[in-house]
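Asker:
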Amino acid sequence: MAREKVGDFQFGDETHDLMRRDGLFLVAKGKDGPVNAMTIGWGLVGTMWRKPFFIVAVRLSRHTYKLLEESHSFTVCLPSKGMAEALDFCGTKSGRDYDKFKELGLTAKKGLQVEAPYIEECPVHYECKIAFKTEVKPGALPDEIEEDVYPNRDYHVLYFGQILGVYATKDAEDKLP
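Have a look at this one:
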């Protein structure tokens, strides 16, 4: 599927809407392992340090955390219509136990500007270079958030990915849910 580079924020509304519904795919590849995709429902697209960024939250316990620590990039892929089962699978199964791309029949394509691959079946993807990360520390958040989000003390690392490019298929708007 041919892709064109589009504006960094052209699909911002769709990205936000999809995160609040079924989620998006975060794709990472470690130095030796296979590609992994996980479902994310939290993230921010915006401007930091005068540059476009996509900030993603990954729990320390996740397989993707290990992959991101080994790499310098990630992609975020907007699912096409009919990918709800794949989002569910990627959000409930670990890449330690499954080759999600093989299980789901997904195609990993090398990023155009980053080492991390993207999911070819997704009509839009962001390519991000990790510029900064910070770990959420116990006691740093208001009690009501910490009690709700971290009852098991399984905290997130926030990865600040500088958006190097956003790519879309010509018919992306028709393919998004």
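The opening position of the sequence shown corresponds to residue 15 in the working numbering, with each subsequent residue numbered one higher.
Using N, Cα and C, we set each Cβ at its ideal position, and we do this for glycine too.
For clarity, every value in this text was computed on a predicted model and none was experimentally measured.
At which residue ranges does the region 101 to 126 contain complete alpha helix (DSSP H) runs of 4 or more residues, listed in the order of the chain?
Answerer: List check, alpha helix (DSSP H) in window: 114 to 118.
Asker: Ignoring anything shorter than 3 residues, give me the beta strand (DSSP E) runs that lie fully in the region 44 to 78, in order along the chain.
Answerer: The qualifying runs are 49 to 54, 57 to 62 and 65 to 73.
Asker: Could you pull out every residue in the same chain whose Cβ sits closer than 8 Å to the Cβ of cysteine 136, ignoring the five residues on either side in sequence?
Answerer: Taking the first residue of the sequence shown as 1, we reach residue 136 at position 122. Once the five neighbours on either side are set aside, the close Cβ partners of cysteine 136 are Phe39, Cys91, Leu92, Pro93, Ser94 and Met97.
Asker: Kindly indicate the opening and closing residues of the alpha helix (DSSP H) around threonine 29.
Answerer: The residue labelled residue 29 in the question sits at position 15 within the sequence shown. From DSSP, the alpha helix (DSSP H) with threonine 29 extends over 26 to 34.
Asker: Around the Cβ of asparagine 166, are there at least 16 other Cβ atoms within 10 angstroms (buried) or fewer (exposed)?
Answerer: Mapped onto the sequence shown, residue 166 falls at position 152. Flag for asparagine 166 reads exposed.
Asker: Can you confirm whether alanine 182, when its beta carbon is compared against all beta carbons of chain D, has any partner nearer than 9 Å?
Answerer: Of the protein chains in this structure there is only one, and it is not chain D.
Asker: Can glycine 57 and lysine 80 be called in contact, C-beta distance under 9 Å?
Answerer: Residue mapping note: residue 57 aligns to position 43 of the sequence shown, counting from 1. Residue mapping note: residue 80 aligns to position 66 of the sequence shown, counting from 1. Not in contact: glycine 57 and lysine 80 (Cβ atoms no closer than 9 Å).
Asker: Can the beta-carbon of alanine 51 be found closer than 9 Å to that of glycine 109?
Answerer: Locating residue 51 in the sequence shown gives position 37, where the first residue counts as 1. Locating residue 109 in the sequence shown gives position 95, where the first residue counts as 1. Yes, Cβ-Cβ distance for alanine 51 and glycine 109 is below 9 Å.
Asker: Helix, strand or coil for glutamate 135 per DSSP?
Answerer: As a working mapping, residue 135 is identified with position 121 in the sequence shown. Coil.
Asker: Ignoring anything shorter than 4 residues, give me the alpha helix (DSSP H) runs that lie fully in the region 142 to 184, in order along the chain.
Answerer: Taking only runs of at least 4 residues, the alpha helix (DSSP H) segments lying wholly in the region 142 to 184 are 157 to 163.
Asker: What is the DSSP secondary structure of alanine 16, reduced to helix, strand or coil?
Answerer: Counting from 1 along the sequence shown, the entry for residue 16 is found at position 2. Looking at alanine 16 - three-state DSSP - the assignment turns out to be coil, as it is neither helix nor strand.
Asker: Going by DSSP, what residue range makes up the alpha helix (DSSP H) through glutamate 187?
Answerer: Along the sequence shown, read from residue 1 onward, the residue named residue 187 stands at position 173. 186 to 189 is the span of the alpha helix (DSSP H), which, as asked, contains glutamate 187.
Asker: Suppose the cutoff is 6 Å on Cβ atoms and the five residues either side in sequence are ignored; what does the same chain contact list for threonine 29 look like?
Answerer: Reading the sequence shown from its first residue, position 15 is the one you call residue 29. Val59.
Asker: Among the candidates Tyr181, Pro191 and Gly55, whose CA atom is the shortest distance from the CA of arginine 17?
Answerer: Taking the sequence shown and counting its residues from 1, one reaches residue 17 at position 3. The candidate whose alpha carbon is nearest that of arginine 17 is Tyr181.
Asker: Under DSSP, the beta strand (DSSP E) around serine 87 begins and ends at which residues?
Answerer: Locating residue 87 in the sequence shown gives position 73, where the first residue counts as 1. 87 to 92 is the span of the beta strand (DSSP E), which, as asked, contains serine 87.
Asker: Quick one: Cα of glycine 55 to Cα of arginine 35, how far?
Answerer: Here the question's residue 55 lines up with position 41 in the sequence shown. Here the question's residue 35 lines up with position 21 in the sequence shown. Those two C-alpha atoms are separated by around 8 Å.
Asker: Between leucine 82 and tyrosine 173, how many whole angstroms is the CB-CB distance? I'm expecting something under 8 Å.
Answerer: Against the sequence shown, residue 82 aligns to sequence position 68. Against the sequence shown, residue 173 aligns to sequence position 159. Going by Cβ atoms, the distance from leucine 82 to tyrosine 173 rounds to 6 Å, so yes, they are a contact pair.
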